[in-house]
Structure formats: C-alpha cells, structure tokens
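S.K.: Per my numbering, the sequence shown runs over residues 755 to 1495. Every residue, glycine too, gets a C-beta built ideally from N, C-alpha and C. In this text, all values refer to a predicted model and were calculated from it rather than measured experimentally.
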Amino acid sequence: MTENTVITPIEKFIKQLPESYGLTEREIIQNAYRVAEKAHREQKRISGEPYINHCLAVASILVELRVPPEVVAAGLLHDTIEDTSITLDDIQRDFGETIAALVDGVTKLTKLPNVSRGDQFAEKNNKNKNEPEEAISSTLSGRKGDIVSETLRKTFLAMGDDVRVVLIKLADRLHNMRTLGYMSEDKRKRIAQETLDIFAPLANRLGIWQLKWELEDLGFRYVNPEKYKEIAGQLSERRPDREGNMNAIKDNILRLLDEHNIKVEITGRPKHIYSIYKKMLNKGKPFDMVMDVRAVRLIVPDLPSCYSTLGVIHTTWRPIPGEFDDYIAAPKDNFYQSLHTAIIYDDKRPLEVQIRTHEMHLNAEYGIAAHWRYKEGSKHSDKNYELRINSLRSMMEWQTDVHDATEFVESMRSDVFQDRVYIFTPRGDIIDLPAGSTPIDFAYHVHTDIGHCCRGARINGKLVPLYQELKTGDQVEILTAKRGGPSRDWLNPNLGLVKTQRARAKIKVWFKKQEDEQNLAQGRETLARELQRLGLKDINFEKMARELNYKTPDEMFIELGNGDLPVSKIIKQFAQHEEVQDIFEVNPTTAPSTSTNAIEVVGLKGMLTTMGRCCNPMPGEPIIGFVTRGRGATIHRQDCPNILQTKDRERLLQVSWGHIERTYPVPIKIKAYDRQGLVNDISNLLSDENINIADVAVNVNRSIADLRLVIEVKDLTQLSRILTRMESLPNVMEAHRSNPG
C-alpha cells in the first residue's frame, strides 16, 4: 500500500472486526454494508455527511461491545426497512431469518406514525432533505407524548424478547447523541433529557458501563451546558496535578500489595462529568469536596483476593464510615459485582477504592454484552447470561398488566431505573427493590399471592407498620392470612402503603378481576332477563359479540354489567342482523297487508304480500314467502310449522325485509297490583309512543291485575323500550312478550 492510498470507510471498519469473526461472517458484514450504502446513497445527515456514515458508526459501537457478527450486520442495515425501498423480504432473502428478525425488531421499536416523523428521523425526501434524525422527547404532551410512551414501552418489552435488538437501539442512540450538536437548541435539550431519563438508565440496567457513562455525559452536556462546562473546566485545570498524584498513589498501592503477595492491576477510574454532578447534588457539596474525584480500581485474579486486598487496604489506611459496600455478596440488580470502600489517604484526602476480579470487571464494563466476549474466548461459559436474561424477563413480566403506555413508562422510571435497596428474605435470599419500598411491595415482589394475603410484617424480628420504608440489609418476614385479598386503601398514595408500580399493577388486576366476575354475572343476568321479556331464545352470542366489536361474549357481558354497554344497543343490533329462533302465534281479527316495498321478493318486484297469522313474523327474524292462489304471497317465519310441513316446496319464495316502516302485532302480558288508573296509565304510555292497541283483556284476582294486550310495534327495539317503560309504572311488577294461550 503506497502513501497516497486512501483507505475507504468500509476497509477501515473491516480492520476493526474481532479476529474471532470468520471469513464467511466478514463477507456477510461487507455485503450488509454494500446493501446499506446503496439504499442510503442519496440520503444525507443534517451535518451534510453521507447517511451511511451513521450506519457504520452504529456498527462500530456494536463491534466495540464484541457482539456476534449478525448483530453488527443488522446494525449496518438497521434503517433500511424504515427509510429506504428495501423490504423485510429482501433482507430475509439476502441475509437469512436471524438478521432479518433483528432489523425488523429495531424497525418496530422506532416506527412511529407520521405525526412525529419530523422529530425522529432524517427526512430523506426532497422536501425535508436536511431534517435530522432524532428520537422524540418523552416530555412532549398530547398525542406525541402518547406515541413516545408507546415507543419506549416497546423498547422495554423488547429487552425480555431479544436483548440484541435493544443493543442496536442503544448504539443508534449513542451515535445520535455524538452528533447532536448539529440540531437546534430546543431539539437538543429534548433528546438529551430523554437520554438521561430513559436510555442511559437502560444501558445501566443492562450493565453496559461503556454506553451508560457516555450517554450520561452527552445528555448532561446539552441539558445543562453551563454546569457541564464548569465541571469539565475544573477537571481539565487539575488534570496534570491529578494524574501525577494518581500515579504516585497507584505505585504505592502496587508495592503494598506486592509485599502481601497479591497480584493486582491498578487503574485510575475515569472521571465522568455527570456522575460528579450527581454526587454534588446528592451530598450537597461543591466540586472540591466530592470525595470520589480521586479513585482507583484494583483488579485481582480471584474472589479470595478481593477480600484479602480489602483487608490490606483497611489496615493500612483508615476507612471512612458508611462508605463501604459489598456488591459481591449482594450484587446490584444489573448483576454488577465489586467491593467499594473509601479511605483517608496519606495526604489526608479521601480516596475511593474499587476491588474486583477480571471477570467482574468485564461484566461491569460490558454487562449483558460480556456474554459474547466469553464465547469468543474459548470454552469459558458465562453462567450469568441466562440469569441476566431471566431477570430481564421477570422484570418485564408484570409490566404486561400495565396497558396504558404512559403509566408503563412512569413505572419503569420509578421501579426499574431509580436507586435500589437490597432486602433479605427469612431464608437469606436477596430481593432488590426500588428505594422507598414497603413490606407490601416486598410481598408482591416475592409472589403475587403473598402480596394479596399480606396482613402484617416483621423487619429484623420486630412487628412494623406496613407503611415502613425498607432499608438495605433488612430481613423481612410477611405475615399472611389464609384467604382474602388486598385493601383498596393500599392504592391510596396519601397512606404510603405501596410505592412500586409493580405492586400497584398487581393490586389493580386483582380488583379488576373481582369486578369483572361480578360484571360478567350481572351482564349475563341483564341480557337473559331482557331476552326472556322479549320472548327470544337460542341466541348466537358469539355472532352478537362480533357484530358489536367484542372479541368474546364475556367481554360484551362485562361491558353490559358495568354499564358501558346499554342493553338497548344489543337489542337494536339484534333486530337488524341477528337470526332469531322464536315463534309468535297471535290471531288478530285481520292480518294486515304490507306495502309492496315492505317485503322484497327476490325476482318478483311489486308482488302483494300478507303477514302469516300462524307465526306473525317481525323485522329481524328470518322469513320466507309462500305463493297463495289469488292473494300474492304470505310471509312466514322460516321455522313456522306450516312452512316446515308443507309439501308444495315449489311455491316457496326467497324474501327479505324491506325498508318501509310498518307495524307488527305482538302479544304482551303485564302483571301488576291493581289500582285505580292503571289501565289509563298504560294507555297513555302507549299513546305517547304512537302505539296502537289491537286487542286487550284484563283479569283481576285478589288484587293482582293480569293484562294481556296485542300492540302494534315497528321492531324489537321499540318493543324493548315499551316494556321497560311499562315496568317503571307504579305497581307494575313485570311486563313481557307472551306466547298465545
């Protein structure tokens, strides 16, 4: 290669690939680059650079994490489906199912409706050629805020499905943060705040320190630029003195441990601006007094060496009370392990010390991604990987009970991303919970049924109120009842009995289930009573539910029981579409003839039709015509006995209900305590509804009035309304459609 040879971006990138990648895997990655480069060729970032540079940068970040080659290839292709003409089928055909599934997973995480496209992606069309790629801030309100919450909800849930998809998303976010300076100030602040609120804690939850600290510092840089510059300036001013001082400290510790035959690697801990700022806030101290501005990390060969090293450090220098944490015995929720302590060094100033093994260090730096580093090493197995995946799935499992996206994201912020406390069960198991958790939160974390039956708690052997906040190291025993459930008071935020969204969600599910069971029974009873009153039976509830846009009849009954679905709506739908198996047999003095448009006779327009007196069909019921001699066609119910028994099948006509309103005689029965004016009230009610009374008979026996009427109604909906109004009259016990008798 000559001095004038120009190395192309893909050549430079290929040189970064781990040696463990085989020839076939490298060819797949190069092919992914070629496809992505061609697809994005006409697209530019807001900085003016080719869009493919972003894809390369995302893939480079993934290479640094030592992820498998298929993840690197998916990183190169991650925007192709969303923003180019490339389809998922194209990816699957050229790269196989695994890479296609990863690209599809990233696409689903970032795909938003058009309302927010301008805020999330670089527009690649001629109109908005330079619109930047960015994710929407979760602080947006209204519809955009809901969309953001739903997108973040998908991201969280994806962790329990395929964590590789989330790693690509984090790499994508990190490069967007590195190039955030090209955007307007308001967009920079929105995106940076979302990064601090969501994506940096997400990286921390996955244990990937390399991504976490950079996302935090970049987010802080744009959220609070003045404070960022102030702290960065102070660090820069003191760097020469600090580095000289730290080299002397490292040499001193190295000699000391060598004297005790402890092999150790010593590094200074990088000083990250956002972590210094948080310490200043939490401790209420200025920059000069934040103790861990000076810190060292000691990496030793094995677990016993961790505690041996700690003993040497503590016997040589005075430890600072309250600053020791054993994250080896009690790992953090992201599986981080290390010993933390702080001492007063020779110069009378604080020095923070971290002690860990090489394996712990790898886990701390790369988190869940360390799994693939183990795999490329040789036969060393990562026993923590399955534990991490199971932990993520367990963390997400209860979130499926939270269906509101905004509530879901808030629960993640409060339960997953905030500070933690570590609690012991009576058997010595460690449970990690959000800081501020109560015994009830602990109970629900252990098991849902224990939470439901919780009636009291002992902390370290002493009975305590259920609102008491738990502290790291507490041993908690839950006192339970054999039966029962949670109290609604637990959901009252003013009482402070429940702090975690996990427990709240499970409590709400319990009450909803109880209410659903009651509403289901109530709804069934209400509809059964109405159908019986209308004289209807053998109803196809599955079909009725579908027509009303319910997945199951039970959903329809629950809505009916809680009052969200009026029974009149069901009857109205039923009258229009439902097939009814019912027999009316009334014998009015005359059978009314219909308008020629009231019944539609297939193929014979304008034929005279007459309602059959044997079955008296009503609109909504399946009907059939029977050709008579000289009187047109008589209309019967399809299940009319006369029709079923006829031998003249050739005289049957296919007919359907027309659209001209008419009335139909229906027999009804009213039972009431006899009183003066009863018949007059019924007559006035029917008059208000413009209902004609075709026949009436009244019988009174021992002060109980039995009224039988034949009224002419337009349809089942009107009949239902009439019967309901009749039952509301004083002294009326029941009103229902009756069979002839």
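1. Consult DSSP for residue 766 and reduce its assignment to one of helix, strand or coil.
2. Closer than 6 Å by C-beta to residue 1223: which residues in its own chain qualify, once you throw out the five before and the five after it? Chain order, please.
3. So that I know if they touch, is there some Cβ in chain C lying closer than 7 Å to that of residue 1283?
4. Verify the contact flag: residue 1242, CB atom, against every heavy atom of the ligand ADP, threshold strictly below 6 Å.
5. Enumerate in chain order the residues of its own chain whose CB-to-CB distance from residue 879 is below 7 Å, with the five nearest sequence positions on each side excluded.
6. Rounded to whole angstroms, how far is the Cβ of residue 1425 from the Cβ of residue 1462, which I believe are closer than 8 Å?
7. Reducing DSSP to helix, strand and coil, say where residue 802 ends up.
8. Secondary structure at residue 1489, three-state DSSP: helix, strand or coil?
9. Once you ignore the five residues that flank residue 1258 on each side, which residues in its own chain have a CB closer than 7 Å to its CB?
10. Along the chain, where does the beta strand (DSSP E) that runs through residue 1379 open and close?
11. Going by beta-carbon coordinates alone, are residue 1373 and residue 1469 separated by less than 7 Å?
12. Report back the beta-carbon spacing between residue 1105 and residue 1063 to the nearest angstrom; my notes put them in contact at under 8 Å.
13. Ordered along the chain, which non-local residues of its own chain (more than five positions away) have a Cβ less than 6 Å from that of residue 1085?
14. Once the 5 residues before and after residue 1450 are set aside, which same chain residues still bring their CB inside 6 Å of it?
15. Quick check: what's the CA-CA separation for residue 1188 versus residue 1254?
16. Opposite residue 1051 in the DSSP bridges: which residues?
17. Quick one: using the 10 Å Cβ neighbour count with 16 as the cut-off for buried, is residue 1099 buried or exposed?
18. What three-state label does DSSP hand residue 1072 in the structure shown?
19. Could you check what DSSP says for residue 961 in three-state terms: helix, strand or coil?
20. Specify the secondary structure class of residue 1078 as computed by DSSP and reduced to three states.
21. What does residue 1426 pair with, by DSSP beta-bridge criteria?
22. How many Å lie between residue 1379 and residue 1454 at the Cα?
23. Quick one, are the C-beta atoms of residue 1497 and residue 1109 less than 7 Å apart?
24. Do the CB positions of residue 1186 and residue 1176 come within less than 7 Å of each other?
25. I need the DSSP call for residue 1408, collapsed to helix, strand or coil.
26. In whole angstroms, what is the alpha-carbon distance linking residue 806 and residue 795?
27. For residue 859, which option in 809, 921, 821 and 822 has the closest C-alpha, if you only look at C-alpha atoms?
28. Answer yes or no: do residue 946 and residue 973 have a C-beta to C-beta separation smaller than 7 Å?
29. Comparing C-alpha positions only, which one of 1295, 936 and 1273 sits nearest to residue 1318?
30. Distance, Cα to Cα, residue 729 vs residue 1388?
31. Apply the 10 Å Cβ neighbour rule to residue 760 and answer buried if 16 or more other Cβ atoms are within range, or exposed otherwise.
32. Of the choices 829, 964 and 934, whose alpha-carbon is the least far from that of residue 919?
33. Taking the DSSP output, what are the residues bridged to residue 1208?
34. Do the stretch 1208 to 1228 and the stretch 1287 to 1300 meet, that is, are 3 or more Cβ pairs less than 8 Å apart?
35. Less than 6 Å between C-beta atoms, sequence neighbours within five positions excluded: which residues of the same chain meet that for residue 1041?
36. What residue does the alpha helix (DSSP H) around residue 1468 start on, and which one ends it?
M.R.: A quick look at the data gives this:
1. If DSSP states are grouped into helix, strand and coil, residue 766 belongs with the helices.
2. 1190, listed in sequence order.
3. No chain C appears in this structure, which consists of one protein chain only.
4. Of the ligands one can find in the structure shown there are none, so the ligand ADP has no counterpart to examine.
5. At residue 879, the pLDDT of 39 sits below 50, so the modelled position is not reliable and the matter cannot be decided from this model.
6. So it is not a contact: roughly 10 Å between Cβ atoms.
7. Reduced to three states, the DSSP call for residue 802 is coil.
8. Residue state, collapsed to three classes: strand.
9. Here the set comprises 1245 and 1252.
10. First-last of the beta strand (DSSP E) with residue 1379: 1377 to 1381.
11. With respect to residue 1469, residue 1373 sits close: the two C-beta atoms are nearer than 7 Å.
12. A Cβ-Cβ distance of about 14 Å is found for the pair residue 1105 and residue 1063, leaving them out of contact under the 8 Å criterion.
13. The residues are 1091.
14. Correct list, in chain order: 1463.
15. Looking at the two C-alpha atoms, the distance is approximately 7 Å.
16. Partner(s): 1021 and 1108.
17. Buried, since its Cβ has 16 or more Cβ neighbours within 10 Å.
18. In the three-state reduction of the DSSP assignment, residue 1072 falls in the strand class.
19. Coil, per DSSP.
20. Here DSSP, grouped into helix, strand and coil, assigns residue 1078 to coil.
21. Bridge partners of residue 1426: 1459 and 1486.
22. Each residue's alpha carbon lies about 41 Å from the other.
23. This structure does not reach residue 1497, given that the chain is present from 755 up to 1495, and the question cannot be answered.
24. Their beta carbons are under 7 Å apart, which means residue 1186 touches residue 1176 by this criterion.
25. DSSP places residue 1408 in the coil class of the three-state scheme, outside both helix and strand.
26. Roughly 7 Å separates the two Cα atoms.
27. For the residues 809, 921, 821 and 822, the minimum Cα distance to residue 859 belongs to 921.
28. The answer is yes: Cβ separation under 7 Å.
29. Per the Cα distances, 1273.
30. Within the shown structure, residues of the chain are numbered from 755 to 1495, placing residue 729 beyond reach of any answer.
31. Result: exposed.
32. Scanning 829, 964 and 934 for the CA closest to the CA of residue 919 turns up 829.
33. According to DSSP, residue 1208 bridges with 1234.
34. Short answer: they don't touch.
35. Hits under 6 Å: 988.
36. Residue 1468: not part of any alpha helix (DSSP H); DSSP gives it neither H nor E.
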